[in-house]
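Chemist:
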Amino acid sequence: MRREMFFRKKTRIFLRILSAVLCAIILSVVMCSLAIYFYLEPIIKQSIVNSNRDMVIKMSQQVSGSFDEIMAYARNISFDDTVQISCDNYRMENTYNYYSMVQRLEKKLKEYVILRDNIVYDMFVTDCYDQVLELNHTYSDLLKQPIYKGFLESSQNGFTSIHNVRYNSSGGEWKAIAYINNIYSKQPSYKHIGKLIVLVRYSELVQPIVFDKSSGIEIELHDNLGNTIYSSSMEKNLESELKQFGAETNFFQNRQNYYFKDKVGTDGWYVVYSISSHKISESFNKINKIILGIVIICLIIMLSVISKIVSNIVVPLETLVKGMQRVSRGSRNEHISLSTGDEIEEAALVFNKMVEDIDRHTQELITSEKKEHETQIKMLLYQINPHFIYNTLNCIICLARREDFGNIIRLTKTFIMLLRSMLRVNPQSMTTLKNEMEYINNYVGVLQFSYNKIPNVVWNVDEELLDMELPRMICYPLVENSIFHGIVPSQQKCGVTVHCHRTGNCVTLCVEDNGRGFSQEELELLKRKLRTPDDEGGHIGLSNVNSRLQLIYGSSSSLNIESEFQKGTKVSFSFFCNTTSVDITKTEGMHEEILN
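Per UniProt numbering, the very first residue in the sequence shown carries number 1; after that it's consecutive.
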């Protein structure tokens, strides 16, 4: 039963890890796929559109090149000697020489047709009066069609529109486009002597731009005059549809089609065509199906691999969890040994190290709290000095006997302000340098009533540091030591100066006097007591300050003492800080209520 419960728990953990990892992978794959899809969709579709567009332009250029070839071919034929002679001798009509000349002309034209019989069906020549030079009257009626009228009445070269041509010999009818080229005499007069009409096979000419309906491409080819040479749809006029969106529009897209208008060749020909959006989407969907299949195969492979990996993780994880549970219940001797050769083994080593560190830090914290508690007690005892209070009250009694009421009031106010600061019983709270200066000035003011030779403290402080945070009662013991161990024992007039300056983020505070000073032996003894403080002997205030500085700022902020006998003493320390002002009104409110 117990093994069954363990197996169920193991299975539940296995399924949770597997499902979480699999869900994360599926979500990542889906999100990445969607991101790639939305990023690549316009790019791929545009690539497909550009591919179709390039194909249409190249096929249209091929057709345009065929038309250019026909124009150049007809121009060369018009300068043939047989053609020139035939057109120039039209006056010999109904003579033997005339028929012989026309026969030679027809033979020559047939030779030219054979050279281009892939696209040229036939050709004939008219004289300057638009009479066809022929023997069988094959094309006389053809020129009566309206599409030829404009060309016959002018000297303009060009292609006609699409029309049907009936060939009398066969009785058949076929679609053709005629190119009409004016013939000019090669003589210096360069006069107009006739026209050359080339009948072009329309179906063979436009074959390159005939697309299957399933391609989704519809196309219109126009010459330089705007005439429609070819249109894949008899129901639509693509150029008219494109002009609805703007006279100068060469591209437009709606939900059904992409519309384009591009130049073809260098003679002003252009092609208007549309590409179906539906066909583009079909091509893109084929790519999507391939990508989807690849993603599904990858997920199946991932599932099989992850199942194996997760099954090898579950048991070591359970061992780690049980060890953590024992530590949470208070065990500090826990040690886990795993040999998985992966991050779980590293986690077990880190766990063992963590247990050892917790035990060590717990012991260090107990020691530190004990030391801090002892320091607070020392400071509280140092704040409330019964001898100092006794001397102050005794001084007030002496002033009262002399009826020196002004000094009594001044001393009493100064003493009250001093007590107000002393009653701030949290020694680890922070204050400002300005408040520390006020407290020391009040303290010195009280002492001056008892000791005549005590001078005022001189403050050499950067103005920007007045609102600087520092521990409460950190300067007072230094000033007191300067007074009682430097100023009072000296036989000369002495002074005390407090310097406070900032260099970068480092602040240096120094209390300096020119009093009695210490001999070399006394200085060494004092430094030794700072390194190993105890409760006996003098200078408890300096030891207290040194301990608090190390507790708050670290060992680098210990006191530095320099002294020379009969010349004075300098006590300084440095620390890193900012000049952000502190709000101490909340801590002062309680003490003001007590005093009131």
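Virtual Cβ for every residue (Gly too), placed ideally from N, Cα, C.
Roughly how far, in whole angstroms, is the beta-carbon of I197 from the beta-carbon of F251, given that I think they are within contact range, below 8 Å?
Modeler: About 38 Å; that fails the 8 Å criterion.
Chemist: Mind checking whether V461 and T497 have CB atoms under 7 Å apart?
Modeler: Contact flag unset, no.
Chemist: Could you give the first and the last residue of the continuous beta strand (DSSP E) run that contains E562?
Modeler: Per DSSP, E562 belongs to the beta strand (DSSP E) from 560–564.
Chemist: Bridge partners of T508, per DSSP?
Modeler: Answer is H501, S574, bridged to T508.
Chemist: Below 7 Å between beta carbons: does that hold for G486 and G515?
Modeler: Yes; because the gap between Cβ atoms is below 7 Å, this pair is in contact.
Chemist: Just the Cα atoms here: how many angstroms apart are L292 and E343?
Modeler: In a straight line, the C-alpha of L292 is about 34 Å away from that of E343.
Chemist: Count the CB pairs spanning the segment 444–451 and the segment 405–416 that are closer than 8 Å, and state whether there are at least three.
Modeler: Taking 8 Å as the limit for Cβ pairs, the verdict is that the segment 405–416 does touch the segment 444–451.
Chemist: What residue does the alpha helix (DSSP H) around P471 start on, and which one ends it?
Modeler: Looking at the DSSP string, P471 is not in any alpha helix (DSSP H); the run it does join, the beta strand (DSSP E), is 469–471.
Chemist: Just checking my contact of V206 with Y230 at CB under 8 Å: how many whole Å lie between their CB atoms?
Modeler: With a Cβ gap of about 4 Å, V206 and Y230 count as contacting.
Chemist: Give every residue of the same chain whose Cβ lies closer than 7 Å to the Cβ of R16, excluding the five residues on either side of it in the sequence, and list them in chain order.
Modeler: Contacts found: none.
Chemist: Please classify A247 as buried or exposed, where buried requires at least 16 other C-beta atoms within 10 Å of its C-beta.
Modeler: Its pLDDT being 49, under 50, A247 is placed unreliably by the model, and the measurement read from it follows with that caveat. Exposed is the call here.
Chemist: For N181, does the three-state DSSP call read helix, strand or coil?
Modeler: It is a strand residue.
Chemist: Among the residues of its own chain, which have a CB less than 8 Å from the CB of S102, if the five just before and after it don't count?
Modeler: The sequence shown places Val at residue 102, rather than the Ser named in the question. Cβ neighbours of V102 beyond the five flanking positions: S86, L133, E134, L135.
Chemist: Tell whether a beta-carbon distance below 7 Å holds between I440 and I483.
Modeler: No, they are not a contact pair.
Chemist: Compare the C-alpha of N481 against each of V511, V30, V21 and name the closest.
Modeler: Measuring from the Cα of N481, the nearest candidate turns out to be V511.
Chemist: What residue range is occupied by the uninterrupted beta strand (DSSP E) comprising H222?
Modeler: Unbroken beta strand (DSSP E) run through H222: 217–222.
Chemist: At the level of alpha carbons, what is the spacing between S240 and G65?
Modeler: If you take the alpha carbons of S240 and G65, they lie about 25 Å apart.
Chemist: Using the Cα positions of I119 and E153, report the straight-line distance between them to the nearest angstrom.
Modeler: One C-alpha to the other measures close to 27 Å.
Chemist: So N22 packs on I306, CB below 8 Å; how close in whole Å?
Modeler: The sequence shown places Leu at residue 22, not Asn. The pair is a contact, with the Cβ atoms about 6 Å apart (cut-off 8 Å).
Chemist: State the Cα-Cα distance for the pair R166 and F284, rounded to the nearest angstrom.
Modeler: Each residue's alpha carbon lies about 48 Å from the other.
Chemist: What residue range does the alpha helix (DSSP H) around F151 cover?
Modeler: Note, F151: alpha helix (DSSP H), 146–152.
Chemist: Just how far apart, CA to CA, sit I366 and D359?
Modeler: Distance between the alpha carbons of I366 and D359 is about 11 Å.
Chemist: Suppose you measure from the CA of I183 to the CA of D127; what does that come to, to the nearest Å?
Modeler: Each residue's Cα considered, the two are about 9 Å apart.
Chemist: Pick helix, strand or coil for N136, following the three-state DSSP scheme.
Modeler: Coil, per DSSP.
Chemist: Taking the DSSP output, what are the residues bridged to I275?
Modeler: The partner list for I275 (beta bridge, DSSP) reads I217, Y258.
Chemist: Please list, in chain order, all residues of the same chain as N89 whose beta carbon is under 7 Å from its beta carbon, the five residues on each side excluded.
Modeler: Closer than 7 Å at the Cβ level, and outside the excluded window around N89, lie M101.
Chemist: So R201 is in the beta strand (DSSP E); what residue range does that whole segment cover?
Modeler: Start and end: 192–201.
Chemist: Can you pull the DSSP bridge partners for Y270?
Modeler: Partner(s): H222, K263.
Chemist: How big is the Cα-Cα spacing for C475 and N435?
Modeler: For C475 and N435, the distance between alpha carbons rounds to 11 Å.
Chemist: Here's the rule: buried if 16 or more other CB atoms are within 10 angstroms of the residue's CB, otherwise exposed. What is D535?
Modeler: Low confidence applies to D535: its pLDDT is 49, below 50, so where it sits in the model is not reliable, and the reading given next is rough at best. The residue in question, D535, is exposed, as its Cβ has fewer than 16 Cβ neighbours within 10 Å.
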